[in-house]
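Quick notes on the structure that follows.
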Amino acid sequence: MQSSLKKSLYLGLAALSFGAVATVSTTANAASKAKVTSSKTLKTAADSRNVQATGKNALYTKPGTVKGAKKVASTATMKKLATSKKSANYFRAYYQQVTNKGTVYYKVVSMDGKYRGYVYGGKKQGTFAGGIKPAKTMKDASLPSNTTVYFTKPGKSNVTWDAPKNTQYKASKQVKDTTPFATDTLTVTKAATKTREGSLYYYVEDAKNPTINGWIYSGAVTATKPATDTYNEKTDVKVNFVSATGKTVASTTLSNLNGSDNKLATAKGTDVSADVKTKATDDWGKTLLAGTGYTYTAADSTNVSAIAGAKTGDTLSLIVNQNANADTKIQFYGLNSDQTKPADQLKAYTSGSTATATTVVFPKVSAAFTGAADSAFTGSDLQTYLTTNGLTTLTTPSYKDANGKQVYTKYTFDNAVAGTYSTTKNAQAFYKATVVDGASPVDTPTTTTTNNASYFA
């Protein structure tokens, strides 16, 4: 009995000792887990945050070394995504977290939205390393010998996009159906291939209907002009939007119109005025004229008269008026290499103020960047304005850096963003910054640029 008691006590103590060790071990492991000490949303240009997996690290629901992190995609899966030949398997980085161990994690989402989570990104904030690296989803290509093209098979397939599918996160269609633009003449202005698939895309512009401007698969356009017109003179009416000077600003077709009996017209010359009046609204015109700088008004007496006589097979000329010019202010930005920081907006230096790395001396300009309100301008249009007005290089007065040394910053034009002329939306120009030692060339004489307040935001 004593032997049995001793044996029981021994086993009990052993079990208790094991439990104590297990408790200590669990506590130690919990204490060794990393903790997130900072979180930031990435604010640089979206396409500068396109990344691809390196296959060195897995994807987690939270930073991998933080307690509770679960795998979304294993290292083996990330290796497959790293060598994938599909653009869908690129990622967009949009959030950063740093742990108390000094490790950086980025939250990323695959271009097709299938994978989303945190991946190890190295030790330097704002730099993609470790499990991801920067990705160039498109490569520039040569323009075709014939830049005038047409839709090969107008319809709902192979339409225009704001970026080729999966080369940017949430790339979207410009139009859902190209049938109404079947005979439009398109101009190829850019060409590029998908880096992974190698497929060739063209950026096409439609002078008649600029709303469809965008990227399209090269095989979806042809240099051969359509042999037939989809227009049906028994059911349709052609429409030209014409300016006061006689210029045709845009064209369209009102199709499948009903006659006065409210049934589909079946013969050329059928009175369809009531149906045309119902469809040819101000909003209809606004959509078709977007980006042209012209406005259609259904109540205009000339338009009322034209619509009242509408018959199938007709070509209606509807009057549009050019919008008043909109002086568009420009915002200037200095690009930032740190992905966690947005571009720095540059401000005008004024006499007597303290110079900084973002206060530049603007040359005096006498004319605003202007054009008909709501008409489209390209990045090249804005660049031309900047060049004409001596704004491609901007310089700050001298200031002291963190070490007390005299320096100044020189900004060199990098790119401009396309947009529309507007008094409420600003144009945007971006510059690369270079810090230079010594006295700035704009220190003497001190320049005041407050006169530019009407032109620059």
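Sequence positions in the sequence shown follow our numbering and run 1 to 457. Ideal placement from N, C-alpha and C gives every residue a C-beta, glycine not left out. As the structure is a computational prediction, the values presented were derived from the model and not from experiment.
Quiz prompt | Neighbourhood of Y411 by C-beta distance below 6 Å, restricted to the same chain and skipping five residues each side | solution = Numbered from its first residue, the sequence shown carries residue 411 at position 411. If we look at Y411 and ignore the five residues flanking it on each side, its Cβ neighbours are G334, L394, Y431 and A433.
Practice problem: Rounded to whole angstroms, what's the CA-CA distance from T450 to Q383? Just pull it up for me. | Solution: The count along the sequence shown starts at 1 and reaches residue 450 at position 450. The count along the sequence shown starts at 1 and reaches residue 383 at position 383. With a pLDDT of only 49 at T450, under the threshold of 50, the placement of this residue in the model should not be trusted; the figure read from the coordinates follows. Approximately 22 Å between the Cα atoms of the pair.
Self-check item: 4-residue-minimum alpha helix (DSSP H) runs that sit fully inside the segment 242-309, ordered along the chain
Solution: 273-279, 282-288 and 301-308
Quiz item: Is there contact between the segment 126-144 and the segment 347-354, where contact requires at least three CB pairs shorter than 8 Å?
Solution: no
Quiz item: Which word fits Q406, buried or exposed, when buried means at least 16 other C-beta atoms lie within 10 angstroms of its C-beta?
Solution: To locate residue 406, count along the sequence shown from 1; it is residue 406. Exposed is the call here.
Practice problem: May I have the straight-line CA-CA distance separating T54 from T83, to the nearest angstrom? | Solution: For this step, residue 54 is matched to residue 54 along the sequence shown. For this step, residue 83 is matched to residue 83 along the sequence shown. About 8 Å.
Quiz prompt | Extent of the continuous alpha helix (DSSP H) to which N75 belongs | solution = Translated into positions along the sequence shown, residue 75 becomes position 75. Residue 75 is actually Thr in this sequence, not Asn. From DSSP, the alpha helix (DSSP H) with T75 extends over T75 to A82.
Practice problem: Under 8 Å by Cβ, that's how I've got K176 and V204 pegged, so tell me the actual separation to the nearest angstrom. | Solution: For the purposes of this step, residue 176 is taken as the residue at position 176 of the sequence shown. For the purposes of this step, residue 204 is taken as the residue at position 204 of the sequence shown. 16 Å between Cβ atoms; not a contact.
Quiz item: When DSSP builds the beta bridges, which residues end up paired with M138?
Solution: The residue you call residue 138 lines up with position 138 of the sequence shown. Answer is K194, bridged to M138.
Self-check item: Under 7 Å between C-beta atoms of G121 and F128
Solution: Your numbering for residue 121 matches position 121 in the sequence shown. Your numbering for residue 128 matches position 128 in the sequence shown. Against a cut-off of 7 Å, the Cβ pair of F128 and G121 comes out as a contact.
Quiz item: In this structure, what does DSSP give as the bridge partners for F456?
Solution: Position 456 of the sequence shown holds residue 456. Beta-bridge pairing links F456 to I330.
Exercise. Pull up the DSSP beta-bridge partners for L318, would you.
Key: Stepping through the sequence shown from its first residue, residue 318 is reached at position 318. L318 is bridged to F241.
Quiz item: How is N89 classed by DSSP in three states: helix, strand or coil?
Solution: The residue labelled residue 89 in the question sits at position 89 within the sequence shown. Of the three classes helix, strand and coil, the one that applies to N89 here is helix, per DSSP.
Quiz item: What is the DSSP secondary structure of G219, reduced to helix, strand or coil?
Solution: Position 219 of the sequence shown holds residue 219. Here G219 sits in helix by DSSP.
Quiz prompt | Integer Cβ distance of V361 from V417, believed to fall under 8 Å | solution = Within the sequence shown, residue 361 is the residue found at index 361, counting from 1. Within the sequence shown, residue 417 is the residue found at index 417, counting from 1. The pair is not a contact, with the Cβ atoms about 23 Å apart (cut-off 8 Å).
Quiz item: Between Y94 and L59, is the Cβ-Cβ spacing less than 7 Å?
Solution: As a first step, residue 94 is located in the sequence shown; it is residue number 94 there, counting from the start. As a first step, residue 59 is located in the sequence shown; it is residue number 59 there, counting from the start. No, they are not a contact pair.
Quiz item: According to the Cβ coordinates, are G102 and D338 closer than 7 Å?
Solution: Here residue 102 corresponds to residue number 102 of the sequence shown, with the count starting at 1. Here residue 338 corresponds to residue number 338 of the sequence shown, with the count starting at 1. The answer is no: Cβ separation not under 7 Å.
Quiz item: What do you get for A343, buried or exposed, if any count of 16 or more other CB atoms within 10 angstroms of its CB means buried?
Solution: Counted from its first residue, the sequence shown places residue 343 at position 343. Classification of A343: buried, given that the 10 Å Cβ count is 16 or more.
Practice problem: Could you tell me which residues DSSP puts in a beta bridge with Q96? | Solution: In the sequence shown, residue 96 corresponds to position 96, counting from 1. Answer by DSSP bridge pairing, in chain order: K40 and Y106.
Self-check item: Which of helix, strand or coil DSSP assigns to Q174
Solution: Position 174 of the sequence shown holds residue 174. Q174: coil per DSSP, three-state reduction.
Quiz item: The beta strand (DSSP E) with Q52 in it runs from where to where?
Solution: Reading the sequence shown from its first residue, position 52 is the one you call residue 52. Unbroken beta strand (DSSP E) run through Q52: N50 to A53.
Quiz item: Closest to G285 by CA distance: which of G309, L264, N258 and L254 is it?
Solution: For the purposes of this step, residue 285 is identified with residue 285 of the sequence shown, where counting begins at 1. Closest option to G285, Cα to Cα, is L254.
Quiz item: DSSP state of F181, grouped into three classes?
Solution: By 1-based counting over the sequence shown, the position of residue 181 is 181. In the structure shown, F181 sits in a helix (DSSP, three-state: H, G or I).
Practice problem: Report back the beta-carbon spacing between Y421 and G371 to the nearest angstrom; my notes put them in contact at under 8 Å. | Solution: Walking along the sequence shown from the start, residue 421 turns up at place 421. Walking along the sequence shown from the start, residue 371 turns up at place 371. Indeed they touch by this definition, with Cβ atoms about 4 Å apart.
Self-check item: Nearest-angstrom Cβ-Cβ length linking K194 and T167, presumed shorter than 8 Å
Solution: By 1-based counting over the sequence shown, the position of residue 194 is 194. By 1-based counting over the sequence shown, the position of residue 167 is 167. Yes, K194 and T167 are in contact; Cβ-Cβ is about 6 Å, under 8 Å.
Practice problem: Could you tell me which uninterrupted beta strand (DSSP E) segments, each at least 3 residues in length, are contained entirely in the segment 347-420, listed from first to last along the chain? | Solution: 369-372, 393-395 and 406-416
Quiz item: Does the distance from the CB of Y455 to the CB of A368 come in under 7 Å?
Solution: Locating residue 455 in the sequence shown gives position 455, where the first residue counts as 1. Locating residue 368 in the sequence shown gives position 368, where the first residue counts as 1. Yes. Within cutoff.
Quiz item: Any contact of the segment 250-266 with the segment 208-218, i.e. 3+ C-beta pairs under 8 Å?
Solution: yes
Exercise. Please confirm whether any heavy atom of the ligand MN lies closer than 6 Å to the CB of S301.
Key: In the structure shown, the ligand MN is absent, as is every other ligand, since no ligand is present at all.
Practice problem: Report the rounded CA-to-CA distance for K165 versus T44, giving the unit in angstroms. | Solution: Indexing the sequence shown from 1 puts residue 165 at position 165. Indexing the sequence shown from 1 puts residue 44 at position 44. C-alpha separation (whole angstroms): 21 Å.
Quiz item: Taking DSSP as the reference, what is the three-state secondary structure of S422?
Solution: Locating residue 422 in the sequence shown gives position 422, where the first residue counts as 1. DSSP places S422 in coil when its eight states are reduced to three.
Quiz item: Given that a residue counts as buried once 16 or more other Cβ atoms are within 10 Å of its Cβ, and exposed if not, what is S74?
Solution: Indexing the sequence shown from 1 puts residue 74 at position 74. Exposed is the call here.
Self-check item: Beta-bridge pairing of E205 - partner residues as DSSP gives them
Solution: Counting from 1 along the sequence shown, the entry for residue 205 is found at position 205. DSSP lists T187 as partners of E205.
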